[in-house]
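Below is one structure, written out as structure tokens; the observations come after it.
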Amino acid sequence: MTALNSPHDRFFKAVFGRTEVAAEFLERYLPAAAGQALDWKTLRTARDSFLDPELALHPADLLYTVDLCGGGTGYVHVLFEHKSYVESRIGLDLLRYRVRIWEQWMNAGNSGRLPVIVPVVVYHGTATWRVSRQFADEVEDAPALRAYVPACVYHLIDLSGYRDDELQGAVMLHTALLTLKYIFRNELRERLPEILGLLRDLAQSSMGLDYVRTLLRYLAQAASIDRLSGDQLRQVVTETLSGGGELMLTIAEQWEQQAMERGIEKGIEQGEARLLKQLLTWRFGALPAWVESQLAGAEPERLEAWAKRVLDAQTLDAVFVERS
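According to the UniProt record's numbering, the sequence shown holds residues 1 to 324 in order.
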């Protein structure tokens, strides 16, 4: 499976890979009619991803199976978009995903009518989403031939379009949605104490404390230094979590030490990524956007593996292909 190189992708999968969080999220933010047709108590993860090199622009997707209230089973496919620009061909990508899901369903020995697939796009970028929500709008408009073009509608959840009081849920979902909404915005600095304050209501179980660590790691990796410096982030974390009990304080102290160590490591990783980008440009010319996505936040081991392939690889895809 392709590695998750972006901290946004890793955070998304860590949070919404929990079926209880995903079920609450989808039940709240899908259209009412669609939500009422699905039995959310039965939601379960089908598999991690349907990635392949041609869909490398979308490194975070989750597929769930869920029982239909009227009988039968369907799928909910959630695609996470965090790019600063909006992908204009997302309708085509979603159609290709659906075909692959149906193919896997048939290869598993199933027969009869194909299962329903509900495609959902979760977006938290800064650019305004202007892409049509149905695939038919990507195809040449020939009125006499419209019946032959599939609509293939997807549901968009654009977090920037929701007021804060509309982003609700249990603590994990609530804090995740608010963090994703503000991670690219200048308001993050002033909103963060309130967001982290919600963690005090989180049960101090191993699952709850693991989520706190996941959220803090995401903030340390993804928050822009222009919006929130490392010193400011450490101060907010320590002050806010110190009021949440001994365990929360311990996590805050551990995180502060780790954050300082990660700052040094991150500087080294960024230098390695810049060098690899220069090598790729020298070898293959101007780099497409998906390469930038792969390089962003890649672990040192991954950067080293890619660098070893640069001189021998015949194509750009060959540098990044996963090998068993």
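For every residue, glycine included, the Cβ atom is placed at its ideal position computed from N, Cα and C.
These figures come from a predicted structure and were not determined experimentally.
{"Item": "Short Cβ contact (8 Å threshold) for Ala318 with Leu295", "Value": "no"}
{"Item": "When Gly230, Arg234, Leu178 and Leu280 are compared against Phe11, the one with the closest alpha-carbon", "Value": "Leu178"}
{"Item": "Local conformation of His82 per DSSP, three classes", "Value": "coil"}
{"Item": "Anticipated Cβ contact below 8 Å, His77 with Ile117, distance rounded", "Value": "6 Å"}
{"Item": "Ordered list of alpha helix (DSSP H) runs contained in the segment 84-148, each at least 4 residues", "Value": "90-107"}
{"Item": "Beta-carbon proximity of Leu63 to Ile101, cut-off 8 Å", "Value": "yes"}
{"Item": "Rounded straight-line distance, which links the Cα of Val236 to that of Cys152", "Value": "45 Å"}
{"Item": "Counted within 10 angstroms of its Cβ, other Cβ atoms place Pro193 as buried (16 or more) or exposed", "Value": "exposed"}
{"Item": "As assigned by DSSP and simplified to three states, the class of Tyr29", "Value": "helix"}
{"Item": "Buried versus exposed call for Ser132 [16 or more other C-beta atoms within 10 Å across all chains shown]", "Value": "exposed"}
{"Item": "Reduced DSSP category for Leu286 - H, G, I as helix; E, B as strand; rest coil", "Value": "The question names Leu, yet the displayed sequence has Ala at residue 286. In the structure shown, Ala286 sits in coil (DSSP, three-state: anything other than H, G, I, E or B)."}
{"Item": "Cα-Cα separation, Val217 to Ala313", "Value": "As written in the sequence, residue 217 is Arg, which differs from the Val given in the question. If you take the alpha carbons of Arg217 and Ala313, they lie about 34 Å apart."}
{"Item": "Buried or exposed (CB count within 10 angstroms, at least 16 for buried), Gly244", "Value": "Any reading at Gly244 is ruled out, since the residue's pLDDT is 49, under 50, leaving its predicted position unreliable."}
{"Item": "Residue range of the alpha helix (DSSP H) that includes Ile195", "Value": "Leu188 to Gly197"}
{"Item": "Residues sharing a beta bridge with His155, DSSP", "Value": "Val120"}
{"Item": "The segment 140-148 / the segment 101-114 touching (three or more Cβ pairs under 8 Å)", "Value": "no"}
{"Item": "Beta-carbon proximity check, Thr65 vs Ala34, cutoff 8 Å", "Value": "no"}
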